[in-house]
């Protein structure tokens with residue numbers, strides 16, 4: 001089977017009908033030409049994001065290929081969610097170490113399962129043989145936005161509350177303990193939540209590297225000119241409220257509450273949204289969480305800092321925003337959180 | 346240096362100004378957020394294409410990184426050219442086997458050289474460490490189109506002339522003989538030509554796998570319902586007119602004219618356009634070629650065939666469209682061309 005056979009058998013045939021309403025009349029050229037052509041019926045801004053997954057780094061060669069297909073699109077949907085955009089189409093780049101039809105069958109099923117769920121349609125891509133090397137998957141996803149509205153990571157303000165969706169800790173704990181976890185294998189990108197946060201949150205990021213790392217990314221983007229003037233306070237008792245119940249059970253009796261909290265703040269692969277919003281939005285955010293049936297927890301606050309003011313955040317200085325874990329009930333002295341999270345290199 | 350350092354040093358800083366006029370006011374979020382956001386000022390259809398290049402397959406680890414950067418975007422621009430679209434933005438996915446700053450410096454310089462040349466701007470992407478494995482590059486490119494106009498590969502009609510731009514044979518000959526070739530290292534995507542062909546050509550494809558392979562792709566797409574009823578005649582004397590002069594020099598005295606012709610038809614990596622058009626468009630096409638200063642050669646014709654009519658083109662039957670090389674001057678008997686070109690698996 002050559003590239004064209006793979007496209008035909010595993011992707012073009014399974015696509016069947018394009019599910020996004022944008023395409024009912026407006027996909028002019030689909031899979032199989034040099035490019036797909038979309039005629040978008042409305043004049044809206046588009047969000048574009050690319051994510052790569054590499055075998056041995058982001059997924060395991062022995063993992064169920066269905067969950068790899070599902071997760072590949074899920075992590076891209078999560079990026080679109082973090083912008084407050086509405087995903088509608090994606091392209092797929094596949095570098096395959098071997099032509100394993102069983103793997104392709106599972107992969108494409110998982111991929112189309114979540115593609116249909118979110119009405120986000122495969123419109124094209126490329127497939128290459130990658131020799132004996134680990135396989136990789138590159139997805140570029142497109143989303144639509146409302147004019148003038150977007151969630152950015154650089155909009156954080158001093159005195160903003162820091163919020164997080166869902167619970168924390170399960171994916172990294174499942175990896176560590178080799179436990180089954182649907183949150184790890186089939187994360188739920190927070191697309192509906194992202195759209196509701198438009199005009200409410202000041203900034204937003206999706207949690208892929210880990211809460212502390214991703215919060216630092218957001219702070220660096222937002223305060224690049226006055227870096228060390230800013231810090232974040234995180235509240236221990238509030239974070240305990242959003243620690244995964246499964247994680248608690250798995251570690252039952254073997255870890256302190258503080259250990260659990262630090263693990264949850266450091267672990268990656270969450271695909272929850274972390275966002276900041278002014279105090280006056282608290283009631284509104286609580287009702288958004290209720291209406292979507294997604295727990296939203298207020299876990300911290302952005303503060304002006306009184307430490308050295310000369311250091312700026314940028315790639316060369318390597319200055320890292322200060323994060324302090326505080327116990328309201330004085331269970332421990334303030335803890336300055338070290339830089340953690342997934343290292344790309 | 347981590348992922349963010351790489352983005353900052355080699356990509357964000359070099360970008361300087363976005364060159365495409367679409368972005369002068371309309372790139373709302375650029376590199377560094379979860380997604381880029383484009384507000385497109387006009388309501389046009391967009392073309393989207395993804396291409397992967399893998400080290401050891403599409404480029405060599407010892408190759409000048411500038412030419413790798415240049416070529417990575419060139420092959421994607423060529424896909425957009427083949428649709429008659431106008432490229433305006435791209436995302437870059439980089440899987441790197443090691444953090445080689447010398448390589449990244451050259452790669453990004455070559456990439457931005459052609460990015461500026463075509464006013465096609467980098468808007469985002471992803472970078473991952475790929476361990477000891479060969480590096481790979483995935484680019485997704487966006488182009489704009491005029492409503493209702495696109496060059497498709499499935500529009501070929503019986504009795505259409507078959508045309509090709511530029512010359513053929515140099516890239517594959519350079520690879521075979523290890524010669525320097527700017528056409529191999531820095532191909533010129535035919536973006537201007539593609540746009541001129543809108544409304545003139547019936548079908549179009551860019552030559553990446555090789556003329557005979559890509560012509561067969563176009564025939565399969567166009568005649569999938571009546572496969573073996575259709576064949577293409579290719580005219581030896583006309584093809585000789587578009588054989589690369591460099592290739593002729595390199596093989597001088599060692600190959601027959603027929604050998605040169607077959608090599609040129611089989612060799613990949615051309616990034617010329619092959620297109621079909623009705624006879625009545627000949628004068629118009631000749632003047633398009635003159636005005637763009639690009640040789641356009643009429644090399645064949647699509648014919649109704651009188652062979653078996655039951656075979657259809659599709660991935661499972663593996664039926665291949667018949668291509669016949671004919672010498673008008675009767676230098677040889679008609680030659681039925683075998684299926685050649687780059688094998689993806």
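Residue numbers (my numbering), protein chains in the order written: chain L, 1 to 345; chain U, 346 to 690. Even for Gly, the Cβ is constructed at its ideal location relative to N, Cα and C. Note that this is a predicted model, so its numbers are computed, not measured.
Simplified DSSP assignment, three categories, for residue i
i: residue 99/L; result: coil
i: residue 325/L; result: strand
i: residue 415/U; result: helix
i: residue 473/U; result: strand
i: residue 561/U; result: helix
i: residue 87/L; result: strand
i: residue 606/U; result: helix
i: residue 51/L; result: strand
i: residue 104/L; result: helix
i: residue 174/L; result: helix
i: residue 281/L; result: helix
i: residue 426/U; result: helix
i: residue 615/U; result: coil
i: residue 143/L; result: strand
i: residue 291/L; result: helix
i: residue 529/U; result: helix
i: residue 513/U; result: strand
C-beta contact flag for residue i and residue j at 8 Å
i: residue 717/U; j: residue 91/L; result: Look at the range of chain U in this structure, 346 to 690, and you will see that residue 717/U is not part of it.
i: residue 379/U; j: residue 79/L; result: yes
i: residue 637/U; j: residue 549/U; result: no
i: residue 647/U; j: residue 504/U; result: yes
i: residue 483/U; j: residue 438/U; result: yes
i: residue 321/L; j: residue 219/L; result: yes
i: residue 143/L; j: residue 85/L; result: yes
i: residue 418/U; j: residue 481/U; result: no
i: residue 607/U; j: residue 426/U; result: no
i: residue 644/U; j: residue 588/U; result: no
i: residue 610/U; j: residue 677/U; result: no
i: residue 578/U; j: residue 669/U; result: yes
Classification of residue i by the beta-carbon crowding that lies within 10 angstroms, buried from 16 upward
i: residue 130/L; result: buried
i: residue 493/U; result: exposed
i: residue 356/U; result: buried
i: residue 517/U; result: buried
i: residue 554/U; result: buried
i: residue 195/L; result: buried
i: residue 334/L; result: exposed
i: residue 283/L; result: exposed
i: residue 390/U; result: buried
i: residue 479/U; result: buried
i: residue 631/U; result: exposed
i: residue 521/U; result: exposed
i: residue 370/U; result: Note on residue 370/U: pLDDT 43, under 50, position unreliable in the model; the coordinate value appears next. By the 10 Å Cβ count, residue 370/U comes out exposed.
i: residue 328/L; result: exposed
i: residue 62/L; result: exposed
i: residue 416/U; result: buried
i: residue 625/U; result: exposed
i: residue 681/U; result: exposed
i: residue 604/U; result: exposed
Contact set between residue i and chain L, taken where Cβ atoms lie within less than 8 Å
i: residue 395/U; result: 91, 92, 93, 124, 125, 126, 138 and 140
i: residue 488/U; result: 35
i: residue 428/U; result: 29, 33, 34, 35 and 37
i: residue 402/U; result: 128, 129, 130 and 131
Nonlocal neighbours in the same chain, by C-beta distance under 7 Å from residue i, ignoring five residues either side
i: residue 412/U; result: 455, 530 and 531
i: residue 650/U; result: 573, 574, 575, 576 and 667
Contact set between residue i and chain U, taken where Cβ atoms lie within less than 8 Å
i: residue 36/L; result: 392, 393 and 394
i: residue 69/L; result: In chain order: nothing, as chain U lies at least about 17 Å away.
i: residue 134/L; result: 475, 476 and 478
Same chain, Cβ closer than 8 Å to residue i, neighbours up to 5 away in sequence not counted
i: residue 77/L; result: 87, 114, 118, 120, 141, 189 and 191
i: residue 278/L; result: 157, 159, 160, 161 and 202
i: residue 447/U; result: 410
i: residue 217/L; result: 153, 205 and 209
Cross-chain neighbours of residue i in chain U, by beta carbon under 7 Å
i: residue 54/L; result: 440, 473 and 475
Same chain only: Cβ atoms within 6 Å of residue i, ignoring 5 sequence neighbours per side
i: residue 592/U; result: 514, 515 and 518
i: residue 420/U; result: 396
i: residue 614/U; result: 516
i: residue 125/L; result: 91, 92 and 93
Chain L contact residues for residue i, given Cβ-Cβ distances below 7 Å
i: residue 551/U; result: 34
i: residue 627/U; result: Going along chain L, no residue has its Cβ under 7 Å from residue 627/U, so there is no contact; the nearest lies around 24 Å.
Contact list for residue i against chain L, beta-carbon separation under 9 Å
i: residue 425/U; result: 34 and 35
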